[in-house]
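Q: Just so we're aligned: the sequence shown equals residues 26 to 449 in this note's numbering. Each residue gets a CB set at the ideal place from its N, CA and C atoms; glycine is no exception. Below is one structure. I have some questions about it.
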Amino acid sequence: MGPPTTATSNSNDNRTARDILEGFGAEIQKKAHADAVQRGSGLKGVLSNATYPKDKNPTNTTPSDPCGLDHQYHTNVTGGFGRNYPCANRSNIRFSDKYGGQCTDSKIKGNDDNTGGACAPLRRLFLCDHHLSHMEEHKINDIHNLLLEVSLAAKYEGTSLVDNHKEYTKTHGDFDSNICTVLARSFADIGDIIRGKDLFIGYNQKDRNEKAKLQENLTKIFNEIYNGLNKTIQSQYNGDAPTYYKLREDWWNANRKEIWKAMTCVAPENAYIIKRRFDGGDIENLILTHPKCGHDTDPPVVDYIPQRLRWMSEWSEYFCNVLNKEIDEMNNQCKDCEMSRRCNDDSEGGKCKKCKEQCQIFKELVSKWKNEFDKQSMKYKELYIKASTNITKQNSSSPERGYRRNHRRRGYDDDTNVQLFLKK
Numbered sequence: 026m027g028p029p030t031t032a033t034s035n036s037n038d039n040r041t042a043r044d045i046l047e048g049f050g051a052e053i054q055k056k057a058h059a060d061a062v063q064r065g066s067g068l069k070g071v072l073s074n075a076t077y078p079k080d081k082n083p084t085n086t087t088p089s090d091p092c093g094l095d096h097q098y099h100t101n102v103t104g105g106f107g108r109n110y111p112c113a114n115r116s117n118i119r120f121s122d123k124y125g126g127q128c129t130d131s132k133i134k135g136n137d138d139n140t141g142g143a144c145a146p147l148r149r150l151f152l153c154d155h156h157l158s159h160m161e162e163h164k165i166n167d168i169h170n171l172l173l174e175v176s177l178a179a180k181y182e183g184t185s186l187v188d189n190h191k192e193y194t195k196t197h198g199d200f201d202s203n204i205c206t207v208l209a210r211s212f213a214d215i216g217d218i219i220r221g222k223d224l225f226i227g228y229n230q231k232d233r234n235e236k237a238k239l240q241e242n243l244t245k246i247f248n249e250i251y252n253g254l255n256k257t258i259q260s261q262y263n264g265d266a267p268t269y270y271k272l273r274e275d276w277w278n279a280n281r282k283e284i285w286k287a288m289t290c291v292a293p294e295n296a297y298i299i300k301r302r303f304d305g306g307d308i309e310n311l312i313l314t315h316p317k318c319g320h321d322t323d324p325p326v327v328d329y330i331p332q333r334l335r336w337m338s339e340w341s342e343y344f345c346n347v348l349n350k351e352i353d354e355m356n357n358q359c360k361d362c363e364m365s366r367r368c369n370d371d372s373e374g375g376k377c378k379k380c381k382e383q384c385q386i387f388k389e390l391v392s393k394w395k396n397e398f399d400k401q402s403m404k405y406k407e408l409y410i411k412a413s414t415n416i417t418k419q420n421s422s423s424p425e426r427g428y429r430r431n432h433r434r435r436g437y438d439d440d441t442n443v444q445l446f447l448k449k
């Protein structure tokens, strides 16, 4: 029996930190959607309208349901050597208590020894977007064909995460990250890639080259999309070239529901996503739960929370999970030793040996993670102070409006976005 479909609350006291972040994200998404609608329609793609130039069957061969996409048939990325496979050259390890994320300054935009920075989670390092770096603007040249390629990435990324999550939790029962939360995080990262705001530069030179090529391709593709719009809609994006951040933002807004559907194709039926709806009425929060991670519903709003804050939240959750596991193990190994109160000699027949070994493991763990904590803490403190002292006032007197404007114009300027977000 599944959980109830709705629950209500007229108090904010029981909100978690994630609830608060998503509440602010919902406000920003709502305004971004209103802005996109005001600029006019014309950006919502339709999968079945995708075409394959120079193919023997160039039209009417793409399923309308993203769950039916197959990288062998439904892509304009060609040339062999696995270029069309979204998960090519990607590690199959998506969750681990041995391998961590990536905090190295040269691999994350905005990281610096003096001011700290972000840590990309392990899940992000091997996101299934390989084929996107091989897109060519003469083939992926309209809203439909771009939707096809991004949906393909989302479908394969979702499958990779669901399969790995299922296997990992078999041996790590204490791993409490809900699969719907995991899928939402990769969905948001894909959104940042498309909108030109992704902080992850790449884990090695080959990967960095691939990611740089992807952004170069997207710029060319959105130039083609812009050229295909009617003059009235084009006028809404005057001055948006060459990066087209505003157009990219609006395209994502128009197509995110279809991409979320692709991301959740293989989500388990008994995996429930929990959403809060802020209706502004007497009942401040309406809590909704949806099976299959809300496959047929509007996506969660996590893609409107700055990536740096999302990653920090994910890192904290993962760290606490690993830390609690080691604390439990240390307590288990040391309980008899503590009772004897003689850890420093061998008169207890070696019963303290395992305790000492576990203590050493714990010390090494804390030392390793402390560096990552300090790096993120330093950056967060800097941004929080700037937000608190109104250093972002020049962006706008409205935090939401300033966030959205910077969100589009500056693309990957995540620091300013975080300041505006925190100012709320």
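(1) Helix, strand or coil, according to DSSP, for I226 in the structure here?
(2) Can you tell which of V347, N280, I165 has its C-alpha closest to the C-alpha of K393?
(3) Looking at L46 and L334, is the spacing between their C-beta atoms short of 8 Å?
(4) Suppose contacts are defined by Cβ-Cβ distances below 8 Å. Is R149 in contact with D214 by that definition?
(5) Which same chain residues end up closer than 7 Å to R426 when comparing Cβ atoms and leaving out the 5 residues on each side of it in sequence?
(6) Does the beta-carbon of N189 have 16 or more other beta-carbons within 10 angstroms, so that it is buried, or is it exposed?
(7) Identify every residue that forms a DSSP beta bridge with I299.
(8) For N74, would you say it is in contact with chain D, using Cβ-to-Cβ distances shorter than 8 Å as the test?
(9) Could you tell me which of K282, S89, Y343, E354 sits nearest to V327, measuring between CA atoms?
(10) For G319, which of helix, strand or coil comes out of DSSP?
(11) What does the alpha-carbon distance come out to for the pair E389 and R273?
(12) Have a look at R119 and S185 and give me their C-alpha separation to the nearest angstrom.
(13) To the nearest angstrom, report how far apart S121 and A59 are at their CA atoms.
(14) Got a sec, what are the start and stop residues for the alpha helix (DSSP H) M160 sits in?
(15) One question on the structure: do A179 and F212 come within less than 8 Å of each other, judged by their Cβ atoms?
(16) Helix, strand or coil: which one does DSSP assign to I204?
(17) Would the segment 216 to 236 count as touching the segment 291 to 300 if we require 3 or more Cβ pairs under 8 Å?
(18) For G141, list the residues DSSP reports as bridge partners.
(19) Between the segment 165 to 175 and the segment 241 to 253, do three or more beta carbon pairs fall short of 8 Å?
(20) Which value, in whole angstroms, describes the spacing of the CA atoms of F20 and K411?
(21) Checking the sheet assignment: what are the DSSP bridge partners for Q127?
(22) CA-CA distance, Q261 and I246?
(23) Is P324 helix, strand or coil by DSSP?
(24) Which stretch, first to last residue, makes up the alpha helix (DSSP H) that contains L171?
(25) Would the beta-carbon of T87 fall within 8 Å of that of G183?
(26) Could you tell me the distance, in whole angstroms, from the CA atom of I219 to the CA atom of N396?
(27) On the DSSP letters alone, give me the boundaries of the alpha helix (DSSP H) that D450 sits inside.
(28) Does the distance from the CB of G70 to the CB of H155 come in under 8 Å?
(29) Excluding sequence positions up to five away, which residues of its chain have a Cβ less than 7 Å from the Cβ of W336?
(30) Taking only the alpha-carbon atoms, compute the straight-line gap between P424 and C384 and give it to the nearest angstrom.
(31) Sort D90, G93, Y98, C92 by Cα distance to N82 and report the nearest one.
(32) Quick one: what's got a C-beta closer than 6 Å to C205's C-beta in the same chain, skipping five residues either side?
(33) Three-state secondary structure (DSSP) at H99?
(34) Beta-carbon within less than 8 Å of N234's beta-carbon, same chain only, minus the 5 sequence neighbours each way: which residues are those?
(35) Does the beta-carbon of V62 have 16 or more other beta-carbons within 10 angstroms, so that it is buried, or is it exposed?
A: To lay it out plainly:
(1) As a first step, residue 226 must be located in the sequence shown, where it is residue number 201. I226: coil per DSSP, three-state reduction.
(2) Here residue 393 corresponds to residue number 368 of the sequence shown, with the count starting at 1. Among V347, N280, I165, the Cα nearest to that of K393 belongs to V347.
(3) Here residue 334 corresponds to residue number 309 of the sequence shown, with the count starting at 1. Here residue 46 corresponds to residue number 21 of the sequence shown, with the count starting at 1. Yes, the Cβ-Cβ distance between L334 and L46 is below 8 Å.
(4) Here residue 149 is taken as the residue at index 124 of the sequence shown, counted from 1. Here residue 214 is taken as the residue at index 189 of the sequence shown, counted from 1. Cβ atoms of R149 and D214: closer than 8 Å.
(5) In the sequence shown, the residue the question calls residue 426 occupies position 401. Residue confidence is low: R426 scores 48 on pLDDT, short of 50, so the model does not pin down where it sits. Its coordinate-derived value is still stated next. Around R426: no qualifying Cβ.
(6) Within the sequence shown, the letter at position 164 stands for residue 189. Per the 10 Å Cβ criterion, buried.
(7) Position 274 of the sequence shown, counted from the start, is the residue given in the question as residue 299. T314, per the DSSP bridge assignment.
(8) You won't find chain D in this structure, because it holds only one protein chain.
(9) Numbered from 1 along the sequence shown, position 302 holds the residue referred to as residue 327. Checked all of K282, S89, Y343, E354; the closest Cα to V327 is K282.
(10) As a position in the sequence shown, residue 319 is number 294, starting the count at 1. Under the three-state reduction of DSSP, G319 is assigned to helix.
(11) Start at 1 with the first residue of the sequence shown, and residue 389 comes out as number 364. Start at 1 with the first residue of the sequence shown, and residue 273 comes out as number 248. In a straight line, the C-alpha of E389 is about 44 Å away from that of R273.
(12) By 1-based counting over the sequence shown, the position of residue 119 is 94. By 1-based counting over the sequence shown, the position of residue 185 is 160. Looking at the backbone, the Cα of R119 and that of S185 are separated by about 8 Å.
(13) Numbered from 1 along the sequence shown, position 96 holds the residue referred to as residue 121. Numbered from 1 along the sequence shown, position 34 holds the residue referred to as residue 59. Inter-residue distance for S121 and A59 is about 40 Å (C-alpha atoms, whole angstroms).
(14) As a working mapping, residue 160 is identified with position 135 in the sequence shown. Judged by DSSP secondary structure, M160 falls outside any alpha helix (DSSP H); it is assigned neither H nor E.
(15) Here residue 179 refers to the residue found at position 154 when the sequence shown is read from its first residue. Here residue 212 refers to the residue found at position 187 when the sequence shown is read from its first residue. Yes, they are a contact pair.
(16) Counting from 1 along the sequence shown, the entry for residue 204 is found at position 179. When secondary structure is reduced to three states using DSSP, I204 falls in the helix class.
(17) Cβ pair count under 8 Å is below three, so no.
(18) Mapped onto the sequence shown, residue 141 falls at position 116. Bridge partners of G141: D137.
(19) Yes, the segment 165 to 175 is in contact with the segment 241 to 253.
(20) The shown model of the chain, from 26 to 449, leaves out residue 20, and the question about it has no answer.
(21) By one-based count along the sequence shown, residue 127 stands at place 102. Answer is A145.
(22) Along the sequence shown, one-based indexing puts residue 261 at 236. Along the sequence shown, one-based indexing puts residue 246 at 221. Taking the straight line from one Cα to the other gives about 18 Å.
(23) Counting from 1 along the sequence shown, the entry for residue 324 is found at position 299. Residue state for P324 is assigned as coil, using DSSP reduced to three classes.
(24) Position 146 of the sequence shown, counting from 1, holds the residue named residue 171. According to the DSSP assignment, L171 belongs to the alpha helix (DSSP H) that extends over 168 to 196.
(25) Taking the sequence shown and counting its residues from 1, one reaches residue 87 at position 62. Taking the sequence shown and counting its residues from 1, one reaches residue 183 at position 158. Between T87 and G183, the C-beta spacing is not below 8 Å.
(26) The count along the sequence shown starts at 1 and reaches residue 219 at position 194. The count along the sequence shown starts at 1 and reaches residue 396 at position 371. Whole-angstrom Cα-Cα distance: 31 Å.
(27) Examination of residue 450 is not possible in this model, given that the chain is present from 26 through 449 alone.
(28) The count along the sequence shown starts at 1 and reaches residue 70 at position 45. The count along the sequence shown starts at 1 and reaches residue 155 at position 130. Here G70 is not near H155, since their CB atoms are 8 Å or more apart.
(29) Locating residue 336 in the sequence shown gives position 311, counting from the first residue. For W336, where only same-chain residues beyond five positions count, the Cβ hits under 7 Å are A143, C144, A145, P146.
(30) Position 399 of the sequence shown, counting from 1, holds the residue named residue 424. Position 359 of the sequence shown, counting from 1, holds the residue named residue 384. For P424, the predicted structure reports a pLDDT of 40, less than 50, and the residue's modelled location is therefore unreliable. A value from the coordinates is still provided. Between P424 and C384, the alpha-carbon positions lie close to 47 Å from each other.
(31) Your numbering for residue 82 matches position 57 in the sequence shown. Looking at the Cα atoms, Y98 is the closest of the given residues.
(32) Mapped onto the sequence shown, residue 205 falls at position 180. Cβ within range, chain order: A296, I298, C318.
(33) Along the sequence shown, one-based indexing puts residue 99 at 74. Three-state result, H99: coil.
(34) Along the sequence shown, read from residue 1 onward, the residue named residue 234 stands at position 209. Cβ within range, chain order: G227.
(35) Here residue 62 is taken as the residue at index 37 of the sequence shown, counted from 1. Under this definition V62 is an exposed residue.
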